[in-house]
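Report on the following structure.
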Amino acid sequence: MVAFIGYVLALLIKGFYTVLAISGVIGAILVLATRADAFEVADRQPKYVWAALLLASAFALMLQIRFLSWAGIVIIGLYWFDVRPQINNILNGKFGW
10 MVAFIGYVLA LLIKGFYTVL AISGVIGAIL VLATRADAFE VADRQPKYVW
60 AALLLASAFA LMLQIRFLSW AGIVIIGLYW FDVRPQINNI LNGKFGW
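When we follow this note's numbering, the leftmost residue of the sequence shown carries the number 10, and every step to the right adds one.
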C-alpha cells in the first residue's frame, strides 16, 4: 500500500512538472511573438533573455533537476504573473499605477 501511495505521488509530481514545463514553452513562444520594444518600455530584460530563461526552466523541469527546477518554477511564475500582464497593459495602451 505504501509503495502504491509513493507511486501515485511520483506521478502527481511528474504531472505537475510537465504542466509547468509546457507553460514555460508556451511562455517562450509568446515572448518571441511579442515586440522587443515592449520589454524596454516595461524596464524588463530583453525578450531573448526571457525566452532563454523560460526554455531553460522548461528543460530543467522536464529533467526534474531538483534545485534548478525550483528556480524554473519561480521564473515561469514571474513571467506569467508579473511580466506578461505588464507587457499586455503596455501593448494595449493601459498605462497607470
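From the three backbone atoms N, C-alpha and C, an ideal C-beta is built for every residue, glycine too.
Since the model is a prediction, treat every value here as computed from it, not as a measurement.
Answer with buried or exposed for residue i, where buried requires no fewer than 16 other C-beta atoms within 10 angstroms of its C-beta.
i, result
"residue 48", "buried"
"residue 82", "buried"
"residue 64", "buried"
"residue 19", "exposed"
Among the candidates the options, whose CA atom is the shortest distance from the CA of residue i?
i, options, result
"residue 86", "50, 51, 62, 11", "62"
Roughly how many whole angstroms lie between the Cα atoms of residue i and residue j?
i, j, result
"residue 50", "residue 10", "56 Å"
"residue 74", "residue 30", "12 Å"
"residue 69", "residue 33", "10 Å"
Q. Which runs of the alpha helix (DSSP H) spanning at least 4 residues fall entirely within the segment 55-81, listed in chain order?
A. 56-72
**the segment 26-36 / the segment 75-89 touching (three or more Cβ pairs under 8 Å)** = yes
Kindly confirm or deny that the segment 35-44 and the segment 10-18 touch, where touching means at least three C-beta pairs closer than 8 Å. no
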